[in-house]
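Visitor:
2 protein chains.
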Amino acid sequence: MNIGEIARRAGVSRSTVSYALTGKRPVSEATRRRIQDVIDELDYKPNAAARALAEGRTRTIGLVIPPAAARLTHMQLDFVAAVVEAAAKVDLDVLLSPSGGDHDRSFERMISGRRVDGAIVMEIRVQDARVERLLDEELPFVGIGHTARADRMCWIDVDYATLIGRCVHHLADLGHSAVALVNRSPELVASGYGPGLRAAEGFGAAVAERGIAGYAYLCGDDAASGRSVVERIRAEHPEVTGIATLNEAALPGVQHGLEDAGLRVPRDVSIVGVAAAQWAQDFRPPLTAADVPAQQMGAQAVELLVERIAAPDTIPRHILLTPPISLRSSSAPAPR
Amino acid sequence: MNIGEIARRAGVSRSTVSYALTGKRPVSEATRRRIQDVIDELDYKPNAAARALAEGRTRTIGLVIPPAAARLTHMQLDFVAAVVEAAAKVDLDVLLSPSGGDHDRSFERMISGRRVDGAIVMEIRVQDARVERLLDEELPFVGIGHTARADRMCWIDVDYATLIGRCVHHLADLGHSAVALVNRSPELVASGYGPGLRAAEGFGAAVAERGIAGYAYLCGDDAASGRSVVERIRAEHPEVTGIATLNEAALPGVQHGLEDAGLRVPRDVSIVGVAAAQWAQDFRPPLTAADVPAQQMGAQAVELLVERIAAPDTIPRHILLTPPISLRSSSAPAPR
DNA sequence: CCGGTTCGCCGAACCGGTTCGACAGTCGAA
DNA sequence: TTCGACTGTCGAACCGGTTCGGCGAACCGG
Numbered sequence: 156m157n158i159g160e161i162a163r164r165a166g167v168s169r170s171t172v173s174y175a176l177t178g179k180r181p182v183s184e185a186t187r188r189r190i191q192d193v194i195d196e197l198d199y200k201p202n203a204a205a206r207a208l209a210e211g212r213t214r215t216i217g218l219v220i221p222p223a224a225a226r227l228t229h230m231q232l233d234f235v236a237a238v239v240e241a242a243a244k245v246d247l248d249v250l251l252s253p254s255g256g257d258h259d260r261s262f263e264r265m266i267s268g269r270r271v272d273g274a275i276v277m278e279i280r281v282q283d284a285r286v287e288r289l290l291d292e293e294l295p296f297v298g299i300g301h302t303a304r305a306d307r308m309c310w311i312d313v314d315y316a317t318l319i320g321r322c323v324h325h326l327a328d329l330g331h332s333a334v335a336l337v338n339r340s341p342e343l344v345a346s347g348y349g350p351g352l353r354a355a356e357g358f359g360a361a362v363a364e365r366g367i368a369g370y371a372y373l374c375g376d377d378a379a380s381g382r383s384v385v386e387r388i389r390a391e392h393p394e395v396t397g398i399a400t401l402n403e404a405a406l407p408g409v410q411h412g413l414e415d416a417g418l419r420v421p422r423d424v425s426i427v428g429v430a431a432a433q434w435a436q437d438f439r440p441p442l443t444a445a446d447v448p449a450q451q452m453g454a455q456a457v458e459l460l461v462e463r464i465a466a467p468d469t470i471p472r473h474i475l476l477t478p479p480i481s482l483r484s485s486s487a488p489a490p491r
Numbered sequence: 156m157n158i159g160e161i162a163r164r165a166g167v168s169r170s171t172v173s174y175a176l177t178g179k180r181p182v183s184e185a186t187r188r189r190i191q192d193v194i195d196e197l198d199y200k201p202n203a204a205a206r207a208l209a210e211g212r213t214r215t216i217g218l219v220i221p222p223a224a225a226r227l228t229h230m231q232l233d234f235v236a237a238v239v240e241a242a243a244k245v246d247l248d249v250l251l252s253p254s255g256g257d258h259d260r261s262f263e264r265m266i267s268g269r270r271v272d273g274a275i276v277m278e279i280r281v282q283d284a285r286v287e288r289l290l291d292e293e294l295p296f297v298g299i300g301h302t303a304r305a306d307r308m309c310w311i312d313v314d315y316a317t318l319i320g321r322c323v324h325h326l327a328d329l330g331h332s333a334v335a336l337v338n339r340s341p342e343l344v345a346s347g348y349g350p351g352l353r354a355a356e357g358f359g360a361a362v363a364e365r366g367i368a369g370y371a372y373l374c375g376d377d378a379a380s381g382r383s384v385v386e387r388i389r390a391e392h393p394e395v396t397g398i399a400t401l402n403e404a405a406l407p408g409v410q411h412g413l414e415d416a417g418l419r420v421p422r423d424v425s426i427v428g429v430a431a432a433q434w435a436q437d438f439r440p441p442l443t444a445a446d447v448p449a450q451q452m453g454a455q456a457v458e459l460l461v462e463r464i465a466a467p468d469t470i471p472r473h474i475l476l477t478p479p480i481s482l483r484s485s486s487a488p489a490p491r
């Protein structure tokens, strides 16, 4: 069931079969048919490893996701699904590597074993060892998020500073005069997670601009942490009536916490977030949020990567997204 | 940067380098060190495609997930994460293929291109073309769910019939005398999705056994469908006070629908489900549910697959899980 | 001192494709 | 009628590893 077998049965040489298959050189219609018939009969499919070895490319892209320990947010999940789908559309396979900031075995295998033609790396840090590694392996890649040295790489990112800023403005417009930011986990932000850092910046700037009180909180990416951050906010700044967040995972906990404190959303406290559209809609009450277009980002990431694989030495392109805020039911005028 | 280069620099033959690397034949300590030094200096990593070609195995497993169009449930998500993690632990890479009941290009590439040593196939149907394909390619695989001819393959499944039965019994124990089943989508069940079929069976049996009224509803896998199924239930059988479900995705909608009807959970209506533990906990109110141990299933699936790759001709093993129901706050005695 | 093991390494073949140079045959133009 | 171009195919080399048979040297006991 290899190419030699096909060649023998069709009475031609192996190279002719190869050319008939790839179309890289013309083959007469008659032989092409004869070969095709044999192929159909045995339903032969070329061996991927052999082809990869000879061609020097694998027709596979790597997708580096956060380690399994940290469960993916809905946004990330939608993104992964979109990447897989977009890749399938252009006949690329997707190899998964669950790798954190430091490159581990899985990541290393993927990169230096040349198992992929390029990679999409999620959850980029401001300083990211994986990016350095990819740069000096000269493997094409696209980051979801960007490092401090943004010009050296292709990336797609969401403008968290602006979005969180808009959340604050939205709350201020509604009359809220004391708001809190529920950021991502301390570890993540400490490790230089861009969205966390930029959300804090954007929050600070917007709060200052509007002259309202703003308190930034870090919060673990889980419901329990969400609940306890509400307790802290209530204890330290009971006057807070608006919450802006990019921490999806904590939100159910935040909700529980507010309930425990006898507070209703949005009557007593408004919540505005940055989240996956579907998820924001299904939240109760439906969440006023900047809907991150994760599917679109996934498709664009693949597009960008394919482009870069084809032309690795061009100037890296960047895409910075700033989706509008969708008004839903979780925000309302401040109580008085 | 290939094995020949290493060999030349270390002053040995290519085969010796190979043996030093794999340990498949003894190499003197002195040469081993010399080779290792060269390898470290150039940080050489063997090319995966070449190795795969020569060895006849790829050190990669395939994970066949439902197509991206249908978003994954939390259960499935946890499962995927667990598989990736478990695979990484034994130095296996994971190749993703989003493929529905009919095998498509991506699936076909994976299987017949021999890109993987084995596969884990999610969302198995009672009759599944992919299973047939895998069987006649003689590629080791593990199904999540089982076909009508269960003995021919390895699988892991959740005993939905029993679990939904237990949900009914739980509701009956609480005094509910009219209950409804919110099943998965009509298309899915029509296509022979085992859990949907067996949930209906289990529901029917338990309802009959307890002598209570039971109504089975199919329901799309999304919030909107959840809302409308509640409307239908209210219209057709207003006496229903208990809902059993395995449709995670519809549940937020069910919740909204009940709210719209002025009904509170669990005061007016109890809900019992089969769902991912984490998700059930974060639901509001926390969901009484049979917590499907998705992480454990993922790990077991990998384990089973590895076993099967090592010994393809043994009798297929099966694992049927029946996790206990965790009591949370969504179920309560029937109102009277 | 000799014959048989054992140890350590080498060379060649192989895995299954792709690709390049060459060559025979046909055709058209000079 | 000859020469050049083009078409269709072949053979061989190559991609970068693994694996097997064999060979020389060291080592052993008799």
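Chains as they are written, first to last, in the working numbering: chain A, 156 to 491; chain B, 156 to 491. The C-beta atom is built at its ideal place from N, Cα and C for all residues, glycine as well. None of the values given here were measured: they were computed from a predicted structure.
#1: Which same chain residues end up closer than 6 Å to Ser484 of chain B when comparing Cβ atoms and leaving out the 5 residues on each side of it in sequence?
#2: Does DSSP classify Val344 of chain B as helix, strand or coil?
#3: Hey, Leu326 of chain B and Ala371 of chain B: beta-carbon distance below 7 Å or not?
#4: Identify, in the order they occur along the chain, each residue of the same chain with its Cβ nearer than 8 Å to the Cβ of Leu459 of chain A, setting aside the five sequence neighbours on each side.
#5: For Trp310 of chain B, write down the residues that DSSP places opposite it in a beta bridge.
#6: Which residue from A:Pro478, A:Ala465, A:Val286, A:Val420 puts its Cα closest to that of Pro488 of chain A?
#7: Just to confirm the assignment, what range does the alpha helix (DSSP H) spanning Leu406 of chain B have?
#8: So Ala445 of chain B and Ala223 of chain A are supposed to be a Cβ contact under 8 Å. How far apart are they, rounded?
#9: The ligand GTP and Arg226 of chain B: does the residue's C-beta get closer than 6 Å to at least one heavy atom of that ligand?
#10: Against Glu240 of chain A, what residues of chain B qualify as contacts under a CB-to-CB distance less than 7 Å, listed in chain order?
#11: Counting only the same chain and skipping the five closest in sequence on each side, list residues whose C-beta sits under 8 Å from that of Leu344 of chain B.
#12: When the Cα of Phe438 of chain B is compared with those of B:Ala449, B:Pro448, B:Ile426, which residue comes out closest?
#13: If the cut is a Cβ gap below 8 Å, which residues of chain A does Met265 of chain B touch?
#14: What residues in the stretch 207 to 222 of chain B have a beta carbon less than 7 Å from any beta carbon of chain A?
#15: With contact counted as at least three CB pairs below 8 Å, one residue from each stretch, are the stretch 315 to 335 of chain A and the stretch 284 to 294 of chain A in contact?
#16: Can you tell me where the alpha helix (DSSP H) holding Leu232 of chain B begins and where it ends?
#17: Is the Cβ of Ala430 of chain A closer than 7 Å to any Cβ of chain B?
#18: Does Arg321 of chain B come within less than 7 Å of chain A when only Cβ atoms are used?
#19: Taking all protein chains shown into account, decide if Val167 of chain B is buried (16 or more other Cβ within 10 angstroms of its Cβ) or exposed.
#20: I'd like to know if the stretch 246 to 262 of chain B and the stretch 214 to 223 of chain B are in contact, where contact means that at least 3 CB-CB pairs between them fall below 8 Å.
#21: Rank A:Ser254, A:Ala404, A:Leu227, A:Gln455 by C-alpha distance to the C-alpha of Asp377 of chain A and give the top, closest one.
#22: Return the Cβ separation of Val384 of chain B and Val409 of chain B in integer angstroms, given the expectation that the two are a contact with Cβ distance under 8 Å.
#23: Looking at the structure shown, is Thr126 of chain B part of a helix, part of a strand, or coil, going by DSSP?
#24: Measure the C-alpha to C-alpha separation of Ser254 of chain B and Met452 of chain A and round it to an integer number of angstroms.
#25: Could you work out which residues of chain B lie near Asn202 of chain A, taking near to mean beta carbons separated by less than 7 Å?
#26: Report yes or no: do the stretch 236 to 245 of chain B and the stretch 200 to 213 of chain B share at least 3 C-beta pairs separated by less than 8 Å?
#27: For the candidate residues A:Ile299, A:Ala204, A:Val182, whose alpha-carbon lies nearest to that of Ala454 of chain A?
#28: Can you check whether the C-beta of Thr449 of chain B is within less than 7 Å of a C-beta belonging to chain A?
#29: In or out: Gly178 of chain A buried (at least 16 other Cβ within 10 Å) or exposed?
#30: Is the shortest distance between the beta-carbon of Ala236 of chain B and the beta-carbons of chain A less than 7 Å?
#31: Per DSSP, what kind of secondary structure is Ala185 of chain A in: helix, strand or coil?
#32: Establish whether the CB of Thr454 of chain A and some CB of chain B are separated by less than 7 Å.
Guide: This is what the structure holds:
#1: Within the second sequence, the letter at position 329 stands for residue 484 of chain B. Cβ neighbours of Ser484 of chain B beyond the five flanking positions: Pro440, Pro441.
#2: The residue labelled residue 344 of chain B in the question sits at position 189 within the second sequence. DSSP places Val344 of chain B in helix when its eight states are reduced to three.
#3: Within the second sequence, residue 326 of chain B is the residue found at index 171, counting from 1. Within the second sequence, residue 371 of chain B is the residue found at index 216, counting from 1. For Leu326 of chain B and Ala371 of chain B, no; Cβs fall outside 7 Å.
#4: Translated into positions along the first sequence, residue 459 of chain A becomes position 304. The residues are Val297, Cys309, Ile311, Arg472, Ile474.
#5: Looking up residue 310 of chain B in the second sequence gives position 155. In the DSSP secondary-structure assignment, Trp310 of chain B is bridged to B:Gly298, B:His473.
#6: Reading the first sequence from its first residue, position 333 is the one you call residue 488 of chain A. Answer by Cα proximity: A:Val420.
#7: For the purposes of this step, residue 406 of chain B is identified with residue 251 of the second sequence, where counting begins at 1. From DSSP, the alpha helix (DSSP H) with Leu406 of chain B extends over 406 to 415.
#8: Translated into the one-based positions of the second sequence, residue 445 of chain B becomes position 290. Translated into the one-based positions of the first sequence, residue 223 of chain A becomes position 68. In fact, because the Cβ distance is near 23 Å, the residues do not count as touching under 8 Å.
#9: What this structure holds is no ligand at all, so the ligand GTP is not there to describe.
#10: Here residue 240 of chain A corresponds to residue number 85 of the first sequence, with the count starting at 1. Here the neighbours are Ala223, Pro253.
#11: Position 189 of the second sequence, counting from 1, holds the residue named residue 344 of chain B. As written in the sequence, residue 344 of chain B is Val, which differs from the Leu given in the question. So the list reads Asn338, Gly351, Leu352, Ala355, Leu373, once near-sequence residues are dropped.
#12: In the second sequence, counting from the first residue as 1, residue 438 of chain B sits at position 283. Ranking the options by Cα distance to Phe438 of chain B, first place goes to B:Ile426.
#13: Your numbering for residue 265 of chain B matches position 110 in the second sequence. Simply Asp248.
#14: Of all residues in the stretch 207 to 222 of chain B, only Ala207, Leu208, Thr213 place a beta-carbon less than 7 Å from a beta-carbon of chain A.
#15: no
#16: Residue numbering aside, residue 232 of chain B sits at position 77 when the second sequence is read from its first letter. Segment 229 to 244, the alpha helix (DSSP H) holding Leu232 of chain B.
#17: The residue labelled residue 430 of chain A in the question sits at position 275 within the first sequence. Closer than 7 Å: no.
#18: What you label residue 321 of chain B is simply residue 166 of the second sequence in a count that begins at 1. For Arg321 of chain B, the answer is no, since every Cβ of chain A falls outside 7 Å of its Cβ.
#19: Here residue 167 of chain B refers to the residue found at position 12 when the second sequence is read from its first residue. Classification for Val167 of chain B: buried.
#20: yes
#21: As a working mapping, residue 377 of chain A is identified with position 222 in the first sequence. The residue with the shortest Cα to Cα distance from Asp377 of chain A is A:Ala404.
#22: Residue numbering aside, residue 384 of chain B sits at position 229 when the second sequence is read from its first letter. Residue numbering aside, residue 409 of chain B sits at position 254 when the second sequence is read from its first letter. At roughly 7 Å, the Cβ-Cβ gap stays under 8 Å, so Val384 of chain B and Val409 of chain B are in contact.
#23: Summary: the structure shown does not reach residue 126 of chain B, with chain B confined to residues 156 through 491, and so no result is reported for it.
#24: In the second sequence, residue 254 of chain B corresponds to position 99, counting from 1. In the first sequence, residue 452 of chain A corresponds to position 297, counting from 1. The straight-line gap from Cα to Cα measures roughly 21 Å.
#25: Here residue 202 of chain A is taken as the residue at index 47 of the first sequence, counted from 1. Those are Gly268, Arg269, listed as they occur along chain B.
#26: no
#27: One-based indexing of the first sequence puts residue 454 of chain A at position 299. Cα-wise, what sits closest to Ala454 of chain A is A:Ile299.
#28: Position 294 of the second sequence, counted from the first residue, corresponds to residue 449 of chain B. Note that residue 449 of chain B corresponds to Ala in the displayed sequence, not to Thr. It does not; no Cβ of chain A falls within 7 Å.
#29: As a first step, residue 178 of chain A is located in the first sequence; it is residue number 23 there, counting from the start. Its Cβ having fewer than 16 others within 10 Å, Gly178 of chain A is exposed.
#30: Along the second sequence, one-based indexing puts residue 236 of chain B at 81. By this cut-off, Ala236 of chain B is an interface position.
#31: Walking along the first sequence from the start, residue 185 of chain A turns up at place 30. Here Ala185 of chain A sits in helix by DSSP.
#32: Against the first sequence, residue 454 of chain A aligns to sequence position 299. The question names Thr, yet the displayed sequence has Ala at residue 454 of chain A. Answer no: the Cβ-Cβ gap between Ala454 of chain A and chain B never drops below 7 Å.
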